[in-house]
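Reading through the C-alpha coordinates given below for one structure.
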Amino acid sequence: IQDFSDFPSKDLNHKVTYNFNGFLEIFVNNAFIVPLVSLILSIIPIPYLYFIPTISTIYSLSVIIGVTFSYKFNEGIAIFIGILPHGILEIYLTSIELSMLFLLNAYIRKNSMNLFRKRKETLPKFFVLLKSIVKCYLLIFLPVAFLCALIEITVTPTVYKFLTNII
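Here the sequence shown is numbered in the UniProt record's numbering, starting from 1 and rising by one per residue.
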(Lines of atoms letter the chains of each structure in order from A; the text may use other names.)
(Lines give C-alpha, C1' and ligand atoms only; values in the text may rest on other atoms or scores of the structure.)
Protein backbone atom coordinates (compact mmCIF):
# COMPACT_ATOMS: atom_id res chain seq x y z
CA ILE A 1 0.00 0.00 0.00
CA GLN A 2 1.42 3.34 -0.97
CA ASP A 3 1.14 6.08 1.60
CA PHE A 4 1.18 9.11 -0.75
CA SER A 5 4.24 10.44 1.11
CA ASP A 6 5.67 11.92 -2.08
CA PHE A 7 2.34 13.41 -3.14
CA PRO A 8 2.92 17.04 -2.05
CA SER A 9 5.97 17.22 -4.33
CA LYS A 10 3.93 16.22 -7.38
CA ASP A 11 2.54 18.79 -9.80
CA LEU A 12 -1.25 18.89 -10.20
CA ASN A 13 -1.16 18.95 -14.01
CA HIS A 14 2.18 17.27 -14.64
CA LYS A 15 0.98 15.90 -18.00
CA VAL A 16 -0.34 19.22 -19.30
CA THR A 17 1.99 22.01 -20.25
CA TYR A 18 0.65 25.52 -19.92
CA ASN A 19 0.87 26.47 -23.58
CA PHE A 20 -1.21 26.06 -26.71
CA ASN A 21 -0.74 22.27 -26.82
CA GLY A 22 -1.90 22.02 -23.21
CA PHE A 23 -4.87 24.21 -24.06
CA LEU A 24 -5.82 21.94 -26.97
CA GLU A 25 -5.44 18.84 -24.81
CA ILE A 26 -7.73 20.23 -22.12
CA PHE A 27 -10.25 21.60 -24.64
CA VAL A 28 -10.44 18.32 -26.60
CA ASN A 29 -10.87 16.35 -23.38
CA ASN A 30 -13.58 18.63 -21.94
CA ALA A 31 -15.43 19.30 -25.20
CA PHE A 32 -15.21 16.01 -27.07
CA ILE A 33 -13.83 12.98 -25.20
CA VAL A 34 -15.78 13.17 -21.93
CA PRO A 35 -19.07 14.12 -23.67
CA LEU A 36 -18.57 11.29 -26.19
CA VAL A 37 -18.15 8.71 -23.44
CA SER A 38 -21.22 10.10 -21.68
CA LEU A 39 -23.15 10.11 -24.98
CA ILE A 40 -22.34 6.44 -25.55
CA LEU A 41 -23.54 5.65 -22.02
CA SER A 42 -26.71 7.73 -22.48
CA ILE A 43 -27.75 5.60 -25.45
CA ILE A 44 -28.14 2.65 -23.08
CA PRO A 45 -31.72 2.90 -21.74
CA ILE A 46 -30.69 2.89 -18.08
CA PRO A 47 -31.34 6.19 -16.30
CA TYR A 48 -28.36 8.17 -15.01
CA LEU A 49 -25.74 5.71 -16.29
CA TYR A 50 -24.17 8.58 -18.21
CA PHE A 51 -23.29 10.27 -14.89
CA ILE A 52 -20.42 7.78 -14.33
CA PRO A 53 -17.66 9.74 -16.16
CA THR A 54 -18.66 12.95 -14.38
CA ILE A 55 -18.80 11.31 -10.97
CA SER A 56 -15.41 9.64 -11.50
CA THR A 57 -13.85 12.96 -12.53
CA ILE A 58 -15.29 14.77 -9.52
CA TYR A 59 -14.23 11.95 -7.20
CA SER A 60 -10.64 11.84 -8.48
CA LEU A 61 -10.27 15.61 -8.19
CA SER A 62 -11.72 15.51 -4.67
CA VAL A 63 -9.22 12.82 -3.69
CA ILE A 64 -6.33 14.93 -4.99
CA ILE A 65 -7.49 17.98 -3.06
CA GLY A 66 -8.22 15.91 0.06
CA VAL A 67 -4.83 14.20 0.09
CA THR A 68 -3.13 17.56 -0.42
CA PHE A 69 -5.17 19.05 2.45
CA SER A 70 -4.10 16.21 4.73
CA TYR A 71 -0.38 16.57 3.98
CA LYS A 72 -0.03 20.31 3.43
CA PHE A 73 -3.07 22.31 4.46
CA ASN A 74 -1.85 25.60 2.96
CA GLU A 75 -1.11 23.99 -0.39
CA GLY A 76 -4.53 22.33 -0.31
CA ILE A 77 -6.12 25.74 0.16
CA ALA A 78 -4.04 27.08 -2.75
CA ILE A 79 -5.12 24.22 -5.03
CA PHE A 80 -8.76 24.58 -4.01
CA ILE A 81 -8.83 28.35 -4.61
CA GLY A 82 -6.77 27.92 -7.79
CA ILE A 83 -9.30 25.46 -9.19
CA LEU A 84 -12.30 27.68 -8.42
CA PRO A 85 -12.10 30.03 -11.46
CA HIS A 86 -12.46 27.27 -14.03
CA GLY A 87 -14.16 24.83 -11.65
CA ILE A 88 -17.28 26.95 -11.35
CA LEU A 89 -17.56 27.17 -15.13
CA GLU A 90 -16.91 23.44 -15.47
CA ILE A 91 -19.78 22.73 -13.07
CA TYR A 92 -22.00 24.81 -15.37
CA LEU A 93 -20.57 22.98 -18.38
CA THR A 94 -21.23 19.60 -16.79
CA SER A 95 -24.81 20.54 -15.93
CA ILE A 96 -25.44 21.55 -19.56
CA GLU A 97 -23.93 18.29 -20.80
CA LEU A 98 -25.89 16.14 -18.38
CA SER A 99 -29.17 17.93 -19.11
CA MET A 100 -28.74 17.33 -22.85
CA LEU A 101 -27.94 13.68 -22.21
CA PHE A 102 -30.91 13.39 -19.84
CA LEU A 103 -33.25 14.44 -22.67
CA LEU A 104 -31.69 11.93 -25.04
CA ASN A 105 -31.74 9.11 -22.49
CA ALA A 106 -35.34 9.85 -21.49
CA TYR A 107 -36.39 9.76 -25.15
CA ILE A 108 -34.63 6.42 -25.68
CA ARG A 109 -36.16 4.96 -22.51
CA LYS A 110 -39.67 6.11 -23.41
CA ASN A 111 -39.25 4.86 -26.95
CA SER A 112 -38.07 1.46 -25.75
CA MET A 113 -40.94 1.28 -23.24
CA ASN A 114 -43.40 2.01 -26.05
CA LEU A 115 -42.43 -1.32 -27.57
CA PHE A 116 -44.14 -3.09 -24.66
CA ARG A 117 -47.18 -0.83 -24.19
CA LYS A 118 -50.59 -1.33 -25.71
CA ARG A 119 -51.27 2.38 -25.64
CA LYS A 120 -48.21 4.10 -27.05
CA GLU A 121 -46.97 7.33 -25.50
CA THR A 122 -46.59 10.12 -28.02
CA LEU A 123 -43.05 11.34 -28.34
CA PRO A 124 -41.57 14.27 -30.22
CA LYS A 125 -39.75 13.56 -33.45
CA PHE A 126 -36.25 12.26 -32.82
CA PHE A 127 -34.66 14.69 -35.26
CA VAL A 128 -36.30 17.66 -33.51
CA LEU A 129 -34.77 16.50 -30.24
CA LEU A 130 -31.42 15.80 -31.89
CA LYS A 131 -31.46 19.22 -33.58
CA SER A 132 -32.03 21.01 -30.26
CA ILE A 133 -29.28 18.99 -28.56
CA VAL A 134 -26.78 19.71 -31.35
CA LYS A 135 -27.76 23.38 -31.33
CA CYS A 136 -27.21 23.61 -27.56
CA TYR A 137 -23.90 21.77 -27.91
CA LEU A 138 -22.60 24.06 -30.64
CA LEU A 139 -23.91 27.39 -29.34
CA ILE A 140 -23.52 26.97 -25.58
CA PHE A 141 -21.42 23.93 -24.67
CA LEU A 142 -18.44 24.41 -27.01
CA PRO A 143 -17.90 28.12 -26.24
CA VAL A 144 -18.07 27.47 -22.48
CA ALA A 145 -15.67 24.51 -22.87
CA PHE A 146 -13.31 26.81 -24.80
CA LEU A 147 -13.52 29.42 -22.04
CA CYS A 148 -12.94 26.77 -19.34
CA ALA A 149 -9.82 25.48 -21.08
CA LEU A 150 -8.54 29.02 -21.56
CA ILE A 151 -9.06 29.84 -17.88
CA GLU A 152 -7.51 26.53 -16.83
CA ILE A 153 -4.36 27.29 -18.82
CA THR A 154 -3.99 30.97 -17.94
CA VAL A 155 -5.79 31.94 -14.73
CA THR A 156 -5.57 28.75 -12.66
CA PRO A 157 -1.74 28.41 -12.72
CA THR A 158 -1.35 32.13 -12.04
CA VAL A 159 -3.68 32.05 -9.03
CA TYR A 160 -2.07 28.84 -7.75
CA LYS A 161 1.48 30.20 -8.05
CA PHE A 162 0.44 33.48 -6.42
CA LEU A 163 -1.18 31.68 -3.50
CA THR A 164 1.74 29.29 -3.00
CA ASN A 165 4.11 32.26 -2.88
CA ILE A 166 2.12 34.11 -0.21
CA ILE A 167 1.10 31.11 1.91
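Beta carbons: idealized from backbone N, C-alpha and C, even for Gly.
Taking C-alpha positions only, serine 95 is separated from isoleucine 44 by approximately 20 Å.
Taking every protein chain shown into account, the CB of glutamate 97 has 16 or more other CB atoms within 10 angstroms, so this residue is buried. Contact annotation: the stretch 18-30 touches the stretch 139-155, with at least three C-beta pairs closer than 8 Å. Residue state for arginine 117 is assigned as coil, using DSSP reduced to three classes. For phenylalanine 126, the closest of Ser62, Leu104, Thr154, Val144 by C-alpha to C-alpha distance is Leu104. Per DSSP, threonine 122 is not a residue of any alpha helix (DSSP H), being assigned neither H nor E. Non-local beta-carbon contacts of arginine 109 in its own chain, meaning distances under 7 Å to residues more than five positions away in sequence, involve Pro45, Pro47 in chain order. For phenylalanine 80, same chain residues with a beta-carbon under 6 Å away, outside a window of 5 residues either side, are Ile65 in chain order. Of the residues assessed, asparagine 30 falls on the buried side of the cut-off, its CB having 16 or more other CB atoms within 10 angstroms.
Taking cysteine 136 as the centre and dropping the five residues before and after it, the same chain places the C-beta of Ile96, Met100 closer than 8 Å to its C-beta, in chain order. Judged by DSSP in its simplified three-state form, asparagine 19 adopts coil rather than helix or strand. For isoleucine 167, the three-state secondary structure derived from DSSP is coil. Around the beta carbon of serine 42, a 10 Å sphere encloses 16 or more other beta carbons of the protein chains shown; the residue is thus reported as buried.
Below 8 Å, enough C-beta pairs join the stretch 72-87 and the stretch 151-164 to call them touching: three or more. In the structure shown, the three-state DSSP call for proline 85 is helix.
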